[in-house]
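S.K.: Dropping the structure in here first, questions after.
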Amino acid sequence: NTFYWKFYRFDRFDVYSYDEGKELSLFVADYLKDELPRIESFFDYNFEKRLIFIVYNKLSDFKQSNIGQLLLDEEKEANVGGVTKIIQNKIFVYFEGDHIKFKKQITGTLSEALIYEMLYGNDFKDNFTGSTLLNLPEWYIKGLVSYISNPWDFELENRVKDGIIHERYEKFNRLEGKDALYAGHSFWKYIADTYGESVIPNILYLTRINKNVNQGFLYVLGLPLKDLANE
Numbered sequence: 004n005t006f007y008w009k010f011y012r013f014d015r016f017d018v019y020s021y022d023e024g025k026e027l028s029l030f031v032a033d034y035l036k037d038e039l040p041r042i043e044s045f046f047d048y049n050f051e052k053r054l055i056f057i058v059y060n061k062l063s064d065f066k067q068s069n070i071g072q073l074l075l076d077e078e079k080e081a082n083v084g085g086v087t088k089i090i091q092n093k094i095f096v097y098f099e100g101d102h103i104k105f106k107k108q109i110t111g112t113l114s115e116a117l118i119y120e121m122l123y124g125n126d127f128k129d130n131f132t133g134s135t136l137l138n139l140p141e142w143y144i145k146g147l148v149s150y151i152s153n154p155w156d157f158e159l160e161n162r163v164k165d166g167i168i169h170e171r172y173e174k175f176n177r178l179e180g181k182d183a184l185y186a187g188h189s190f191w192k193y194i195a196d197t198y199g200e201s202v203i204p205n206i207l208y209l210t211r212i213n214k215n216v217n218q219g220f221l222y223v224l225g226l227p228l229k230d231l232a233n234e
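Next up, the structure:
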């Protein structure tokens, strides 16, 4: 289909929509007014670039987008587990009929964009997959985004317990997909509960400076990643 885009401009972001997407775009803008400062405060870091939110009325519209070659081929999609939602300073979101899920999606993509910018500079997500400067295990960003977007609940706890009981988390840095997400979420929750959430921005900063995941934890917490994963 052909989309006829229009946008609303705010102080720090633009929100694009099409056809009957006006209500959704205003919902996104209203949510961002509080959520953007909250996320920046959590990470003690402010976005350097203006953000552009591109809002799709439904998943099927999102999937046919050709902006920035958004869709991945089947092989890449199988490897990374889904469709790219962030390209440079553009953040793509789509509505699934549930405003609570929609808020979580906005928070998740916003957090992910900020984490990428913190770790890779303000050209975040640009040629990210080809970068050899910093090799992050899959649980690192997936788990942190999940930790910020989703409160800990019985479902998460049961999934993590199941993973531990069946020894799926033994090779922590090699985890993929849902295992990486759930184990990573519980890992960052453990860090926040034990050392306080304020250490998380320091860990990311020192990970970027040293270009090494283990060094980020070692310098801030005094323990190597292996010991923290065991705990």
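Each residue of the sequence shown is one higher than the last, beginning at 4 in the working numbering.
Cβ atoms here follow ideal geometry from the backbone N, Cα and C, with glycine treated the same way.
Just so you know, these numbers come straight off a predicted model, no measurement behind them.
Is it right to say residue 142 is buried, meaning 16 or more other beta carbons lie within 10 angstroms of its own, or is it exposed?
M.R.: buried
S.K.: Quick check on residue 8: does DSSP put it in helix, strand or coil?
M.R.: Note: residue 8 maps to strand in three-state DSSP.
S.K.: Nearest CA to the CA of residue 124: which residue from 16, 211, 30, 217?
M.R.: 211
S.K.: For residue 59, list the residues DSSP reports as bridge partners.
M.R.: 97
S.K.: Give me the Cα-Cα distance between residue 113 and residue 45, rounded to the nearest whole angstrom.
M.R.: 12 Å
S.K.: Over what stretch of residues does the beta strand (DSSP E) that includes residue 50 continue unbroken?
M.R.: Residue 50 -> no beta strand (DSSP E), and no H or E assigned at all.
S.K.: Over what stretch of residues does the beta strand (DSSP E) that includes residue 172 continue unbroken?
M.R.: From DSSP, residue 172 is part of no beta strand (DSSP E); its letter is neither H nor E.
S.K.: Could you tell me whether the segment 51 to 60 touches the segment 25 to 33, where touching means 3 or more Cβ pairs closer than 8 Å?
M.R.: yes
S.K.: Whose C-alpha, out of 180, 139, 184, is nearest the C-alpha of residue 155?
M.R.: 184
S.K.: Tell me whether the beta-carbon of residue 118 lies closer than 8 Å to the beta-carbon of residue 207.
M.R.: Going by beta carbons, residue 118 and residue 207 fall inside the 8 Å limit.
S.K.: Which stretch, first to last residue, makes up the alpha helix (DSSP H) that contains residue 230?
M.R.: 228 to 233
S.K.: Assign residue 189 to one of three DSSP states: helix, strand, or coil.
M.R.: helix
S.K.: Grab me the residues of residue 218's own chain with a C-beta within less than 8 Å of its C-beta, minus the 5 sequence neighbours each way, in chain order.
M.R.: 209, 210
S.K.: Excluding five sequence neighbours on each side, which residues of the same chain lie with their C-beta closer than 6 Å to the C-beta of residue 121?
M.R.: 48, 207
S.K.: In chain order, what residues of the same chain lie with their CB nearer than 8 Å to the CB of residue 233, ignoring the 5 residues before and after it?
M.R.: none
S.K.: Which residue wins for smallest C-alpha separation from residue 91, given the options 99, 195, 115, 97?
M.R.: 115
S.K.: Beta-carbon within less than 8 Å of residue 192's beta-carbon, same chain only, minus the 5 sequence neighbours each way: which residues are those?
M.R.: 150, 155
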